[in-house]
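*Asks:* Just passing along the structure, written as structure tokens.
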Amino acid sequence: MTKLQLITKGLVKDNPSFVLLLGMCPTLATTTSAINGLSMGLATLFVLVLSNMAISALAPVVPDKVHIPVYIVVIATFVTVLQFLMQAFVPGIYATLGLFIPLIVVNCIVLGRAEAFANKNGIVDSALDGLGVGLGFTLSLTVLGAVREILGGLSVFGWKIPGTGDGMLAFVMAPGAFLCLGYLMVLFNKFVAKK
Amino acid sequence: MAVQSNLKNMVLCLTCVCFGCAAVLGGVYAVTKAPIDETNAKLLKEAVGAVLPEGGELSGAMELTVGGLPSEYYTLTADGQTVAYAVKSTTVGFGGPLTIMVGITADGVVYNTSVLSHTETPGLGAKCTSDEHFMNQWKGFDPSQKILKVKSQQGDVDAITASTITSKAYTLAVENAVNAVKSITEEVNND
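If you want it as structure tokens, here you go:
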């Protein structure tokens, strides 16, 4: 597998939201607007790349029986670092995403990549894998957020389409998240993933 | 590949990893502490400033019970006279706690309100932070002239469309703040 393939497989073939259906909780809950989806995706990307690198470096010296606690401690550290940074420099986004930032610790994408990839591969490959999967997650969350924002609030990235009313509120709420995700998944698998 | 899973290795590995992580966290905390405090102070100042008249001197946070919950308030003084109070007031909205800052002048009239944090439904109750009609009706709201209840409860507060629960919670938060300020001013008068 070439370096480029490491990145693209996370975007398309192993897309965490539309193909692997991992990390559904933040996917459904934070995509009320495109900006929120994008921020959540980037936050996860940050943790993914760093934890993948750290875990790939640590893996050879970690005894098998304690590898899960060690990985969780490493992931939790990076999430807390992220929290500090967000609180300091982007307090608005931090306030919007709130609880879902600390919940990245238990996001199954992060632990999944650690288990499935990072502990068997080198640091550079692990970083690229984290980057690919993180970008895939960011992409799907942004698309889902944008679709929900357009249908539910008739605006694009916070910019209200002039002369329009309220939109279909159901799409901003939980049922709309499931509906949009389902249809996007169908479209994605029909036109992008299955070649 | 991996090291043997005997007790010594496991304890050693976990201890080292935890020490390493604690060191990283301590470092980042030390670096980000100043910017975080600065941001929080700025946000609080903005929230308090937004609900009070301009000018005068703002006090630090003081403790107060609002609607049965411990909270805090700030006073604005000019020329030795208390001009207004800013009271932090929390009630339960549709999705969870709704915390607002209520500015009340010394004669008991609401000056302005602003939302500090909420978990209301986006597009419905969350409009309490953006619906101009709803927000503007609090400016100059005089509780001695008008009734602090939403219209469906024979009050004078216009609720947000399709968000009666949020509107009621917001109204209750204002009411609690008004009552809290009443208790402060009465105390001052008795002294």
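Each protein sequence line maps, in turn, to chains W and S. Using my numbering, you'd call the opening residue of the first sequence number 6 and step up by one each time. Using my numbering, you'd call the opening residue of the second sequence number 1095 and step up by one each time. For each residue, glycine too, the CB sits at the ideal point set by N, CA and C.
How about G46 of chain W and L146 of chain W: do their beta carbons lie closer than 8 Å?
*Replies:* In the first sequence, the residue the question calls residue 46 of chain W occupies position 41. In the first sequence, the residue the question calls residue 146 of chain W occupies position 141. Yes. Within cutoff.
*Asks:* Could you please tell me which residues of the region 18-29 of chain W, in chain order, have their CB closer than 8 Å to any CB of chain S?
*Replies:* none
*Asks:* Looking at P180 of chain W and M1104 of chain S, is the spacing between their C-beta atoms short of 8 Å?
*Replies:* Position 10 of the second sequence holds residue 1104 of chain S. Position 175 of the first sequence holds residue 180 of chain W. It is not a contact, given that the beta carbons lie outside the stated cut-off.
*Asks:* Counting only C-beta atoms, is P1164 of chain S closer than 8 Å to chain W at any point?
*Replies:* Mapped onto the second sequence, residue 1164 of chain S falls at position 70. Taking CB atoms only, P1164 of chain S has no neighbour in chain W less than 8 Å away.
*Asks:* For chain S, is any of its Cβ atoms less than 8 Å away from the one on P31 of chain W?
*Replies:* Within the first sequence, the letter at position 26 stands for residue 31 of chain W. No, P31 of chain W lies away from the interface with chain S (no Cβ there is under 8 Å from its Cβ).
*Asks:* Is it the case that the Cβ atoms of G157 of chain W and F176 of chain W are separated by a distance below 8 Å?
*Replies:* Position 152 of the first sequence, counting from 1, holds the residue named residue 157 of chain W. Position 171 of the first sequence, counting from 1, holds the residue named residue 176 of chain W. Against a cut-off of 8 Å, the Cβ pair of F176 of chain W and G157 of chain W comes out as a contact.
*Asks:* For the structure I just gave you, are there three or more beta carbon pairs, one from the region 11-27 of chain W and one from the region 90-110 of chain W, closer than 8 Å?
*Replies:* no
*Asks:* Could you give the residue range of the alpha helix (DSSP H) that holds N1134 of chain S?
*Replies:* Here residue 1134 of chain S is taken as the residue at index 40 of the second sequence, counted from 1. First-last of the alpha helix (DSSP H) with N1134 of chain S: L1101 to A1144.
*Asks:* Per DSSP, which residues does N1206 of chain S bridge with? Please list them.
*Replies:* If you number the second sequence from 1, residue 1206 of chain S lands on position 112. N1206 of chain S is bridged to S:G1197.
*Asks:* Under 8 Å, Cβ to Cβ, is there at least one residue of chain W near C1112 of chain S?
*Replies:* Sequence index remark: in the second sequence, residue 1112 of chain S carries index 18 (1-based). Answer yes: the Cβ-Cβ gap between C1112 of chain S and chain W drops below 8 Å somewhere.
*Asks:* Taking the CB atoms as reference points, tell me whether A1141 of chain S and L1242 of chain S lie closer together than 8 Å.
*Replies:* Residue numbering aside, residue 1141 of chain S sits at position 47 when the second sequence is read from its first letter. Residue numbering aside, residue 1242 of chain S sits at position 148 when the second sequence is read from its first letter. In this structure, L1242 of chain S does not lie closer than 8 Å to A1141 of chain S by Cβ.
*Asks:* Output, in chain order, the set of chain W residues within a Cβ distance shorter than 8 Å of P1129 of chain S.
*Replies:* In the second sequence, counting from the first residue as 1, residue 1129 of chain S sits at position 35. Chain W residues near P1129 of chain S: A93 and F94.
*Asks:* Check for me: the beta strand (DSSP E) holding M1156 of chain S runs from which residue to which?
*Replies:* Looking up residue 1156 of chain S in the second sequence gives position 62. That run of the beta strand (DSSP E) goes M1156 to V1160.
*Asks:* Straight-line CA distance for A1178 of chain S to T1171 of chain S?
*Replies:* On the second sequence, residue 1178 of chain S is found 84 positions in, with the first residue counted as 1. On the second sequence, residue 1171 of chain S is found 77 positions in, with the first residue counted as 1. Roughly 7 Å separates the two Cα atoms.
*Asks:* Short of 6 Å in beta carbon distance, which residues of its chain neighbour E1214 of chain S, apart from the five on each side in sequence? Order them along the chain.
*Replies:* Locating residue 1214 of chain S in the second sequence gives position 120, counting from the first residue. So the list reads G1187, F1188, G1189, A1220 and T1260, once near-sequence residues are dropped.
*Asks:* Can the beta-carbon of L27 of chain W be found less than 8 Å from the beta-carbon of I114 of chain W?
*Replies:* Within the first sequence, the letter at position 22 stands for residue 27 of chain W. Within the first sequence, the letter at position 109 stands for residue 114 of chain W. It is a contact, given that the beta carbons lie within the stated cut-off.
*Asks:* Am I right that I106 of chain W and V84 of chain W are in contact with their C-beta atoms under 8 Å? What's the rounded C-beta distance?
*Replies:* Taking the first residue of the first sequence as 1, we reach residue 106 of chain W at position 101. Taking the first residue of the first sequence as 1, we reach residue 84 of chain W at position 79. So it is a contact: roughly 7 Å between Cβ atoms.
*Asks:* For a cutoff of 8 Å on Cβ pairs, would you count M45 of chain W as touching chain S?
*Replies:* Walking along the first sequence from the start, residue 45 of chain W turns up at place 40. Chain S contact via Cβ: absent.
*Asks:* If you pair each beta-carbon of the region 1101-1119 of chain S with each one of the region 72-91 of chain W, do three or more pairs fall below 8 Å?
*Replies:* yes
*Asks:* Measuring from the CB of V52 of chain W, is there a heavy atom of the ligand COA at a distance below 7 Å?
*Replies:* The model depicted lacks the ligand COA and carries no ligand whatsoever.
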